[in-house]
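Visitor:
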Amino acid sequence: MAEKVNKTEKHKMRLSPGDITFNIINYTVFILFSLICAFPFYYLFINTISDNELVGRGVISLWPQGFHLDNYANITKINGLGTAFIVSIARTVIGTILMVLASALVGYLVTKEEMWGRKFWYRFLVITMYFNAGIIPWYMNMSMLGLTNNFLAYIIPGIISPYNIILVKTYIESIPGELEESASIDGAGYFTIFRKIIFPLSKPILATIAIFGAVGHWNSFTDSLILMTGNAKLQTLQHRLYTYMNESTNLAAMLSGGSEETLAQASMNMRPIKFTVAMVTVIPILIVYPFMSKYFEKGIMLGAVKG
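Given below as structure tokens:
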């Protein structure tokens, strides 16, 4: 009897030539696509650990040559880099946590029909996604609020994110309403339901928007460049590395004396520095993302099905 069952299962699992061809094409395409996406990071990395002279000449393409880690050691010697790193970590962690909490709460509230002015407030949030006053009015507004040279300038503007609220709202609407009804019958209020039922069940979409928020905070550069001109201790890591690259480029140009040949040589010498700076800013996200990817995929898929 067991042999018959095994034969039946083998028969069911047998693939037709068309299925085999489709799988081969499918896997080939996705493997090539994955390699294309991963190659820029690989190219950056091998250029940061290869001989700087070869990197400057642009001969490093597939394999590292002249292995060394001096570029990373030199980056750590940049003045103020440690402080800038702490600022970036702090704004990323604090800003992401507050954004996730606000998005979860607001996303839950706008699903309740009994909320006062629910349609108005939700539409008001959505409208803000389509209008942008520009950098100058934004700077004037931040200045009038006292957020220049202030760490809160990194946190407060990003707490409310309309796009993330829409994602959370859509996800919460996919949760069976019977769970809330049974809890309300037992006497639970809105915030109790949110804290004990909605929030735990929304972990996939909350992890998704957490990735969005963390990447946005970590890569943010404009706000530090414009708002933190009077306090170098509040500059982010990206801002400090940008300043370092500009200073190095200007110094190389001054030492070159302005001749085309020496300028070209100075540009070649800056290539390893630029590659290393780019890699340093990318590494933290590359480390964090694999641990969050399963929640990210689940949250996006469920939100898309409901939407």
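Following my numbering from start to finish, the sequence shown increments by one per residue and tops out at 308.
All residues carry an ideal CB built from backbone N, CA and C; glycine is no exception.
Quantities reported herein were computed from a predicted structural model and do not represent experimental measurements.
Please name the residue in Gly118, Leu102 and Thr49 whose C-alpha comes closest to that of isoleucine 76.
Guide: Checking every option, the nearest Cα to that of isoleucine 76 belongs to Thr49.
Visitor: How about isoleucine 156 and serine 104: are their beta carbons less than 8 angstroms apart?
Guide: The answer is no: Cβ separation not under 8 angstroms.
Visitor: So the alpha helix (DSSP H) proline 310 belongs to, where does it begin and stop?
Guide: The structure shown does not extend to residue 310, since the chain is modelled only from 2 through 308, so no value can be given for it.
Visitor: Anyone know if the C-beta pair for leucine 238 and methionine 229 falls short of 8 angstroms?
Guide: Cβ distance not < 8 angstroms, so leucine 238 and methionine 229 don't count as in contact.
Visitor: Within a Cβ cutoff of 8 angstroms, which residues of the same chain sit near leucine 106, ignoring the five residues on either side of it in sequence?
Guide: Same-chain partners within the cutoff: Phe195.
Visitor: Could you check how far apart the C-beta atoms of threonine 173 and glycine 108 are, in whole angstroms? I think they sit under 8 angstroms.
Guide: It should be pointed out that residue 173 corresponds to isoleucine in this sequence rather than to threonine. Between glycine 108 and isoleucine 173 the Cβ distance is about 6 angstroms, and since that is below 8 angstroms, they are a contact.
Visitor: Name the two residues that bound the continuous alpha helix (DSSP H) containing methionine 145.
Guide: Methionine 145 -> alpha helix (DSSP H) spans 136–145.
Visitor: So, are the CB atoms of methionine 280 and leucine 45 less than 8 angstroms apart?
Guide: Taking 8 angstroms as the Cβ cut-off, methionine 280 and leucine 45 qualify as a contacting pair.
Visitor: Counting along the chain, where does the alpha helix (DSSP H) carrying tryptophan 117 start and finish?
Guide: From DSSP, tryptophan 117 is part of no alpha helix (DSSP H); its letter is neither H nor E.
Visitor: Is the Cβ-Cβ distance between valine 127 and proline 163 less than 8 angstroms?
Guide: In contact: valine 127 and proline 163 (Cβ atoms closer than 8 angstroms).
Visitor: For the putative contact between alanine 211 and threonine 93, defined by C-beta atoms under 8 angstroms, what is the C-beta separation to the nearest angstrom?
Guide: Their Cβ separation, rounded to whole angstroms, is 10 angstroms, which puts alanine 211 and threonine 93 out of contact at 8 angstroms.
Visitor: State the Cα-Cα distance for the pair aspartate 20 and tyrosine 290, rounded to the nearest angstrom.
Guide: Taking the straight line from one Cα to the other gives about 33 angstroms.
Visitor: Need the endpoints of the alpha helix (DSSP H) that asparagine 27 sits in, please.
Guide: First-last of the alpha helix (DSSP H) with asparagine 27: 18–49.
Visitor: Need the endpoints of the alpha helix (DSSP H) that threonine 204 sits in, please.
Guide: Note that residue 204 corresponds to lysine in the displayed sequence, not to threonine. Taken as a continuous stretch (DSSP letters only), the alpha helix (DSSP H) holding lysine 204 covers 204–220.
Visitor: Is DSSP giving histidine 240 helix, strand or coil here?
Guide: Three-state DSSP puts histidine 240 in a helix.
Visitor: Roughly how many angstroms lie between the CA atoms of valine 30 and serine 17, to the nearest whole one?
Guide: Roughly 20 angstroms separates the two Cα atoms.
Visitor: Using the beta-carbon count (16 or more within 10 Å), is methionine 145 buried or exposed?
Guide: With fewer than 16 other Cβ atoms within 10 Å, it is exposed.
Visitor: Looking only at its own chain, which residues have a Cβ that is under 7 angstroms from the Cβ of glutamate 182, when we skip the five neighbours before and after it?
Guide: There are no such residues.
Visitor: Out of curiosity, what's the CA-to-CA distance linking leucine 226 and proline 41?
Guide: Approximately 26 angstroms, taken between the alpha carbons.
Visitor: Please confirm whether isoleucine 47 and methionine 100 have their CB atoms less than 8 angstroms apart.
Guide: No, Cβ-Cβ distance for isoleucine 47 and methionine 100 is not below 8 angstroms.
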